[in-house]
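Participant: Numbering (the working numbering), first residue to last: -8 to 613.
Idealized CB from N, CA, C, for every residue including glycine.
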């Protein structure tokens, strides 16, 4: 998987230096624990931290193609191209020779053969920097769905800083970490604006885009976006095509030169991936696939069914493991582990920004930490809900008419009810939320997203709305979830692959009418029909449940104690952002319900403000 970092400077007064580039690259050590590399050229430094997955012996980076002893093209590459074997065969026929068995070298030669159009040939999850010495230009490239992250910081004298994570850019001595009102609104918006990195002066390369950096300036180019086409297949053909794609995708994504496992929650999506992986391993005569599930100490005793979750996950994960024949392991976490300062700080450091998911992030980090002890690669069911329409709000009457992002619309989210009503906002001073115009910011971003939707001529109003909702999830919600998954996994050097993000599947299902996706009146009807024979009936018919969180009172008591410590004294850095009345209620011995996500956000904000020395370029005089 790996991490990349680098620096291009066309300013003679601010030349590239190896020590600074090396320091930037060092921040990516967790993403690439196996090897470190730095390549310097005229005006450029490419850094790389490697997690060895394909061709561990031959895939060292940065990789350079030379002619006559002179560099022609150099690359610092992260991720995986799953069709690299097919591309390699095509390139050999076209006269290319290879020194390694790595996908990195295939990507490099694909650029030499097809130029910037080489992106059309790649199937995978990737983000990389490619320096062309012939033109003295840098090309930054990100995969179609934004599975792998890539950030950049344009330099005033010409050039750019870049990295897999913001921390690589923040390690440069000329960069001051700061956010303004817009960045603060983005941080609290509970959506992900393409290209926005929250920090002032920093950008995230948009999914499906390239950025060319040269002496004449920077050029952003889109090479892929989901498009609308008429769906002409009948239901039977559509079900068959979805199954065909899933089998091919999982087979491709099982390829690695290191141990591979699956993440198994017991829900429909992860069960499908595990079942397909197990079947493929059996067909190849390989040992059973390893599967990993998350559970909480005393979760069965503490569990109470509610509107969101009707049953605990663990029994279903074990059922699927027996059914598929996977080598299954349950990772059980205690409140002490979830509250441990080292684990909480590790995931907050990995995220670079404060979020309010709390034990949802910490538990994911601890799960991945245990998985990494046994596997270097894991397949996940992430993105099936966004692609196939699995969330409850997808086709809810209130969502269909709401003038906001579906996940923020009542009754699911309350982010349009006024300041302090959105996810995690319960402890933030409402006057501050009004000052940064959080509601106006969300509305602006929502209407910008709607303006991008590739509508299909002649669609009914109902079909048009469902296309809008699908597009919003693929471009504003899914990237937020993918970023969370990437940071938590790469913090422990684990590569998590997401088969449901294969662009062929996304393109096909995006254009499948909603009536076909929900042909029997249930969510993800199409996906269930395509995979029912793989699963026990209890799982094939199981209702969607969200990612689990601890319900143990010991965890909630520990949260409240942590909040008290973080906000003690008037000089606590996070205190000036908070509503004193709400804070008093949240830290009371018998707090009212509803402050949990707000508490999680405040603790993350406190760590961020103390540890990152972030400048708040926001007028806090309310």
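#1: Measuring alpha carbon to alpha carbon, tell me which of 426, 569, 485 ends up nearest residue 608.
#2: Would you kindly work out how many angstroms separate the C-alpha atoms of residue 423 and residue 538, rounded to a whole number?
#3: Does DSSP put residue 145 in a helix, a strand or coil?
#4: Can you tell me whether DSSP reads residue 483 as helix, strand or coil?
#5: Applying the 10 Å Cβ sphere with the 16-neighbour rule, what's the burial state of residue 560?
#6: What did DSSP end up calling residue 395 once you bin it into helix, strand or coil?
#7: Could you tell me the alpha carbon to alpha carbon distance between residue 558 and residue 69, rounded to whole angstroms?
#8: Can you tell me whether residue 462 is helix, strand or coil according to DSSP?
#9: How do the segment 139 to 159 and the segment -5 to 7 stand: do at least 3 beta-carbon pairs fall below 8 Å, yes or no?
#10: When burial is assigned at 16 or more other CB atoms within 10 Å of the CB, is residue 365 buried or exposed?
#11: Mind pulling the alpha helix (DSSP H) runs of 4 or more residues that sit fully within the segment -8 to 69?
#12: Can you check which of these residues, 563, 445, 363, is closest to residue 483 by C-alpha distance?
#13: So the beta strand (DSSP E) residue 117 belongs to, where does it begin and stop?
#14: What is the DSSP secondary structure of residue 213, reduced to helix, strand or coil?
#15: What are the complete beta strand (DSSP E) segments, minimum 3 residues, inside the segment 292 to 361?
#16: Just the Cα atoms here: how many angstroms apart are residue 601 and residue 17?
#17: Where does the unbroken alpha helix (DSSP H) through residue 172 begin, and where does it stop?
#18: Rounded to whole angstroms, how far is the Cβ of residue 284 from the Cβ of residue 255, which I believe are closer than 8 Å?
#19: For residue 80, report the span of its alpha helix (DSSP H) as first-last.
#20: Starting from residue 128 and walking both ways along the beta strand (DSSP E), at which residues does that stretch end?
#21: DSSP state of residue 203, grouped into three classes?
#22: For residue 236, name the three-state secondary structure that DSSP assigns.
#23: Would you list the one or two residues that DSSP bridges to residue 150?
#24: Using the Cβ count rule (16 or more neighbours within 10 Å means buried), how would you classify residue 431?
#25: Closest Cβ-Cβ distance between residue 137 and chain C: below 7 Å?
#26: From the DSSP secondary-structure annotation, give me the bridge partner or partners of residue 431.
#27: Just confirm the distance between the C-beta atoms of residue 127 and residue 33, as a whole number of angstroms; I'd bet it's less than 8 Å.
#28: What are the start and end residues of each continuous alpha helix (DSSP H) run of 4 or more residues lying completely inside the segment 490 to 578, in chain order?
#29: Excluding sequence positions up to five away, which residues of its chain have a Cβ less than 8 Å from the Cβ of residue 589?
#30: Determine the DSSP secondary structure at residue 72, reduced to helix, strand or coil.
#31: Between which two residues does the alpha helix (DSSP H) holding residue 260 run?
#32: Pairs of beta-carbons, one from the segment 176 to 190 and one from the segment 114 to 126, closer than 8 Å: are there three or more?
#33: What are the residues that DSSP puts in a beta bridge with residue 608?
#34: So who's on the other strand from residue 194, going by DSSP bridges?
#35: From which residue to which residue does the beta strand (DSSP E) around residue 286 run?
#36: Of all the options 367, 544, 233, which has the alpha carbon lying nearest to the alpha carbon of residue 225?
Facilitator: Checking against the coordinates, here is how it stands:
#1: Residue 608 sits at position 617 when you count from the first residue of the chain shown. Here the closest residue by C-alpha is 426.
#2: Residue numbering aside, residue 423 sits at position 432 when the chain shown is read from its first letter. Residue numbering aside, residue 538 sits at position 547 when the chain shown is read from its first letter. Rounded to whole angstroms, the separation of the alpha carbons of residue 538 and residue 423 is 30 Å.
#3: On the chain shown, position 154 is the one that residue 145 refers to. The DSSP-derived three-state label of residue 145 is strand.
#4: To locate residue 483, count along the chain shown from 1; it is residue 492. Here residue 483 carries a coil assignment [DSSP, helix/strand/coil].
#5: In the chain shown, residue 560 corresponds to position 569, counting from 1. The C-beta of residue 560 has fewer than 16 other C-beta atoms within 10 Å across all chains shown, which makes the residue exposed.
#6: Residue mapping note: residue 395 aligns to position 404 of the chain shown, counting from 1. The answer is coil: DSSP assigns residue 395 none of H, G, I, E or B.
#7: For the purposes of this step, residue 558 is taken as the residue at position 567 of the chain shown. For the purposes of this step, residue 69 is taken as the residue at position 78 of the chain shown. Distance between the alpha carbons of residue 558 and residue 69 is about 40 Å.
#8: Here the question's residue 462 lines up with position 471 in the chain shown. Correct three-state label for residue 462: helix.
#9: Yes: the two stretches touch, three or more of their Cβ pairs being nearer than 8 Å.
#10: Your numbering for residue 365 matches position 374 in the chain shown. Result: exposed.
#11: Fully enclosed alpha helix (DSSP H) runs of 4 or longer: 9 to 17.
#12: Translated into positions along the chain shown, residue 483 becomes position 492. Cα-wise, what sits closest to residue 483 is 363.
#13: In the chain shown, the residue the question calls residue 117 occupies position 126. That run of the beta strand (DSSP E) goes 115 to 123.
#14: The residue you call residue 213 lines up with position 222 of the chain shown. Of the three classes helix, strand and coil, the one that applies to residue 213 here is strand, per DSSP.
#15: DSSP assignment within the segment 292 to 361 yields the following whole beta strand (DSSP E) runs of 3 residues or more, N-terminal first: 318 to 324.
#16: Locating residue 601 in the chain shown gives position 610, where the first residue counts as 1. Locating residue 17 in the chain shown gives position 26, where the first residue counts as 1. One C-alpha to the other measures close to 22 Å.
#17: Along the chain shown, one-based indexing puts residue 172 at 181. Where residue 172 is concerned, the enclosing alpha helix (DSSP H) stretches over 172 to 179.
#18: Within the chain shown, numbered from 1, the residue matching residue 284 stands at position 293. Within the chain shown, numbered from 1, the residue matching residue 255 stands at position 264. Contact between residue 284 and residue 255 holds: CB atoms are separated by about 5 Å, below the 8 Å threshold.
#19: Here residue 80 is taken as the residue at index 89 of the chain shown, counted from 1. Residue 80 -> alpha helix (DSSP H) spans 75 to 84.
#20: Residue 128 sits at position 137 when you count from the first residue of the chain shown. Taken as a continuous stretch (DSSP letters only), the beta strand (DSSP E) holding residue 128 covers 128 to 133.
#21: As a working mapping, residue 203 is identified with position 212 in the chain shown. Here residue 203 carries a strand assignment [DSSP, helix/strand/coil].
#22: As a first step, residue 236 is located in the chain shown; it is residue number 245 there, counting from the start. Helix at residue 236.
#23: Within the chain shown, residue 150 is the residue found at index 159, counting from 1. Beta-bridge pairing links residue 150 to 0.
#24: Within the chain shown, the letter at position 440 stands for residue 431. Residue 431 counts as exposed, since fewer than 16 other C-beta atoms from the protein chains shown sit within 10 angstroms of its C-beta.
#25: In the displayed structure, chain C is absent; only one protein chain is listed.
#26: Here residue 431 is taken as the residue at index 440 of the chain shown, counted from 1. According to DSSP, residue 431 bridges with nothing at all.
#27: As a first step, residue 127 must be located in the chain shown, where it is residue number 136. As a first step, residue 33 must be located in the chain shown, where it is residue number 42. With 8 Å as the limit, residue 127 and residue 33 qualify as a contact, their Cβ atoms being about 7 Å apart.
#28: Contiguous alpha helix (DSSP H) elements confined to the segment 490 to 578 occur at 494 to 501, 505 to 508, 516 to 522, 528 to 531, 544 to 557, 571 to 577, taking only those with 4 or more residues.
#29: Numbered from 1 along the chain shown, position 598 holds the residue referred to as residue 589. The answer, listed in chain order, is 347, 415, 416, 417, 418, 419, 573, 577.
#30: Residue 72 sits at position 81 when you count from the first residue of the chain shown. Secondary structure of residue 72 (DSSP, three-state): strand.
#31: By one-based count along the chain shown, residue 260 stands at place 269. Per DSSP, residue 260 belongs to the alpha helix (DSSP H) from 259 to 274.
#32: Counting Cβ pairs under 8 Å, fewer than three are found: no touch.
#33: Start at 1 with the first residue of the chain shown, and residue 608 comes out as number 617. In the DSSP output, where bridge partners are listed per residue, residue 608 has 171.
#34: Working through the chain shown from its first residue, we reach residue 194 at position 203. For residue 194, which the question treats as bridged, DSSP gives the partners 143, 187.
#35: Counted from its first residue, the chain shown places residue 286 at position 295. For residue 286, the enclosing beta strand (DSSP E) stretches over residues 281 to 287.
#36: In the chain shown, counting from the first residue as 1, residue 225 sits at position 234. Comparing Cα-Cα distances from residue 225 to each of 367, 544, 233, the minimum goes to 233.
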